[in-house]
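These notes are about the structure you will find just below.
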Ligand code: GLA
C-alpha cells in the first residue's frame, strides 16, 4: 500500500507525488502538503504551524493559537472562524448553517469502483489504485460525510469526491457541495486556463495569481465553450518542458466552479466542483448526495509531462475500455458538403468517392429525420424522413456496409423543436418556467432530461434507429444552453436541483445506450467544443473539437485543448476553402497536417474536387493509416507555443512508446522575406538512439535533435511541404530510429 495511515495522519503517495493531511485537535481535517514525493514519517510538525494572529477567532479560549483561518484545511466549512470560501454548506431546518464534521474512522481498499450515477474513474486493470475513505460526522444534524480519495500511482493522479449521508430525522439543504479543496501554502503561481467561445474554443490564458478570488466557471448546464473545467497552477518560470505545475479537472459536464482564493497570508485555496450558484439539494432523511470526482495531478517536469500523465490516466482509468486503445476510423461527414440539402442518391455519390479514397466511415449529419430541411423543425422526431430516404435509412446503411465501410449518424437527443410530433404530444417536456416565454436558441428548446419518461422515450427512439441501421457510430450534438430553467415535476424547494438532475439524465441516457450497444463509438459535440469535458469523455471517447475547421484557427484550438486532453479525444477534419468560418484559403496539405494530430476526418464535398485534389486526399489517407497509431496514441509534446512565443509559428510532435518513431510538425502562418534561420527543438526522443529525418541519409543522435535542434535547411526539406514561399505552410518530419 502506498497510502500510509498512522496516528490519524494520511499520506497518499504516488510514484512522484505526496499528498498529506491529518486529523486536527478539534477532530476536523487539516491539510499538510501536496507536491513532490517525500518520505513518510509519523508526524510533520513543521507543516502545521499554529501561530496566534491578532483579530482572528480561535477554536477555544484555551487554544488561542488554533485559528481556523490560519490553517490549511482539507474540506472547510463556513462560520466557525475560517472566512475563506468553504467547500460545502448545509442548512438545517431552523436556518442554521454551521457544521462540525469530526473524524470517525477510515477504510483503505485496493482498486477503484465506478460511481453509481456519475461518470467516474475506475481501475479495471489492477493498475495499483488504492482508495481511502474517511468518515466524519456532524453530531447536531447526524449527517455523515465521506471524503473519498483514490490514488493512481503510475499516473501521479489523485481523484477526490465527497458523499453526504443524512442519518438524521430532518431534511437538510445542501447549498454547496464541492468535490475537492487544496490549500497551498503560497500564491506564487500563474493561473492557467482555457477561455473561448463558439468556433474559438480553449485558447491558452496565463496570468499570475492576484489577491482575492479568480475562477473559471459555467452556469450554462454545460461545461461550455466559454470556460473549461481544466485549469492549472504553475510557477512563473514553468514551461511546457520544465517546472512545477498542478492540474485540476472535474469529471462532470454541467455547471462547475474552479476557484482560487489568495488570502491575507498569501496562501491559495483551490475549490473544484459543482457551481454553488444554481444549486441546492434537499438531503432527505436516509438519502445521500454524491459529488462528481475531481482530478488532481502534479509534476515538476513541466506542462507537457502534466498533459501526458493526465492523458494516460484518462485512457486507462476513464475512457470506455471498449474503445480506449482502439484506433479510430477515418470518417467523412456530409455536413459542410450538403448541409440539409441531400437525398440518398447524393449521399451515395459521396460514399462511393470516399470509398475509392480509402475513407473508412460515412457520417450522416443533421437533417435525416422528421421533415428537417432547415434548423426550425423536427428535433425530437427520431424517425427517418421518407422524402429523403423513401427506402428507409437501413437501405443507405446496407449499401455503406456492403462497401465495407462503417456508418455513423447525427443525433441531438436533448432537444425539441416546436414543430415536431414530440412537442405536439408532450409540450410539458420542454424546459420552461411557468408563465414565462421560453427563449429560443437556434430555433430550438431543451427537453427535461431529469424526467425518467423523457430519458426512456429517447432510449427507445434511438435504440430503434441504431438497431435498424446496424449503426457503428453516433455524433451526439447539443446546440444550445438551458434558459428559464424549471422542473415541472419538482417541488419549489427542489428547483435548484434541476441543473444537476438534468446532467444526471444525460448520463443515464448515455449509460443505457453505451451498455445496450457496446460496439457503437460515440463522439460528443456541442456546437463544436461546447461540452469538451471529462464527464463526456467517460462515455464518448472522442469529441468534435470545434465547428471551426480553418487550419490556422485549429492550431490555436488544438494547441490549447492539448493541455488538458489527449489528441485521441479530438475530432479533427479537413474541410473546404475558402473556409466557412473565416473565409481563409489554406493549402490542402496544411489542413491535413493539422488534422493528422487528432482523429482524422473529411468534411467537404469530395465529388466536386479535381483529380489532383482527390489524389492528394488518397495519399493523405494512406499516410495517416500508416502512422495512425502514433498520431492517435503517441506521447504528445508541444514545442513552439503560439500563445506565448511567436504567434506566427506553432509546432508539436508525437513520439511512440519505445521512442523508435516520432512525427513532428511545424506550421508557419505568414511567410517572411529573407527570413532568419529557424530551429525545431525536438522532445521525448532517446538521447542515445540514432535517428534519420524524412529518410535522408544523415543520422542524428536524439540528444542532438533535442538540444541543438533541427536547423532551417532541414526544415525546408520536410516530408510533405507546401511551397515554402507561401503563407500557411506546414512541414512534417518523420523521425525514425536506425536499427
Ligand atoms: C452543430 C455541429 C455541427 C453540425 C451541426 C448540424 O453545429 O457542431 O458539426 O453537426 O450542428 O446542425
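In my numbering, the protein residues as written are 4 to 742.
Each residue gets a CB set at the ideal place from its N, CA and C atoms; glycine is no exception.
Please read all numbers here as calculations on a predicted model, not as lab measurements.
Asked	Found
Identity of the residue in 201, 31, 56 nearest residue 141 by Cα	31
Uninterrupted beta strand (DSSP E) stretches inside the region 600-650 (no shorter than 3 residues)	602-606, 638-643
Cβ contact check for the region 282-301 and the region 513-533: 3 or more pairs under 8 Å	no
Cβ-based neighbour list, residue 357, same chain, cut-off 8 Å, excluding 5 preceding and 5 following	335, 365, 408, 605, 609
Cβ distance (whole Å) where residue 236 is taken to contact residue 197 below 8 Å	So it is not a contact: roughly 14 Å between Cβ atoms.
CA-to-CA distance, residue 593 to residue 717, given in whole angstroms	Confidence in residue 717 is poor, its pLDDT being 49 and thus under 50, which makes the residue's placement too unreliable to answer from.
Check: residue 200 C-beta below 7 Å from any heavy atom of ligand 1	no
Residue of 39, 582, 638, 667 minimising C-alpha distance to residue 301	39
Segments of 3+ residues assigned as beta strand (DSSP E) that fall wholly inside the region 492-534	524-527
Three-way DSSP call (helix, strand, coil) for residue 33 in this model	strand
Proximity test, residue 338 beta-carbon vs ligand 1 heavy atom, cut-off 7 Å	yes
Environment of residue 296 [buried if 16+ CB atoms lie within 10 Å]	buried
8 Å Cβ shell around residue 644 - same chain, five flanking residues per side excluded	207, 243, 562, 653
Proximity test, residue 369 beta-carbon vs ligand 1 heavy atom, cut-off 7 Å	yes
Residue 377 CB to nearest heavy atom of ligand 1 below 7 Å	no
Simplified DSSP assignment, three categories, for residue 735	strand
Which listed residue (299, 268, 254, 271) has its alpha carbon closest to that of residue 277	254
Residue range of the unbroken beta strand (DSSP E) whose run includes residue 476	476-479
Cα-Cα separation between residue 44 and residue 125, rounded to whole angstroms	29 Å
Residue environment, residue 319, which counts as buried when at least 16 other CB atoms sit within 10 Å	buried
Residue 531 beta carbon near ligand 1 (any heavy atom closer than 7 Å)	yes
Complete beta strand (DSSP E) runs within the region 129-210 (minimum length 3 residues, chain order)	133-141, 146-155, 160-169, 175-187, 193-196
Whole-number beta carbon distance between residue 72 and residue 84, since they are thought to touch under 8 Å	6 Å
Residue 705, DSSP secondary structure in three states	helix
Residue of 261, 61, 475 minimising C-alpha distance to residue 520	475
Residue 547 CB to nearest heavy atom of ligand 1 below 7 Å	yes
DSSP-derived helix/strand/coil call for residue 730	coil
Residue 504 versus residue 390 - alpha carbon distance	38 Å
Helix, strand or coil at residue 242 according to DSSP, with G and I counted as helix	coil
Residue 385: CB within 7 Å of a non-hydrogen atom of ligand 1	no
Alpha helix (DSSP H) segment containing residue 459, residue limits	455-472
Alpha carbon of residue 170 to alpha carbon of residue 368, nearest angstrom	50 Å
Chain-order list of residues whose beta-carbon lies under 6 Å from that of residue 462 (same chain, five-residue window excluded)	515
Contiguous beta strand (DSSP E) assignments of at least 3 residues, all confined to the region 335-417	364-367, 409-414
Cutoff 6 Å; reference residue 446; Cβ partners in own chain excluding five residues on either side	378, 379
Backbone secondary structure at residue 695 - three-state DSSP	strand
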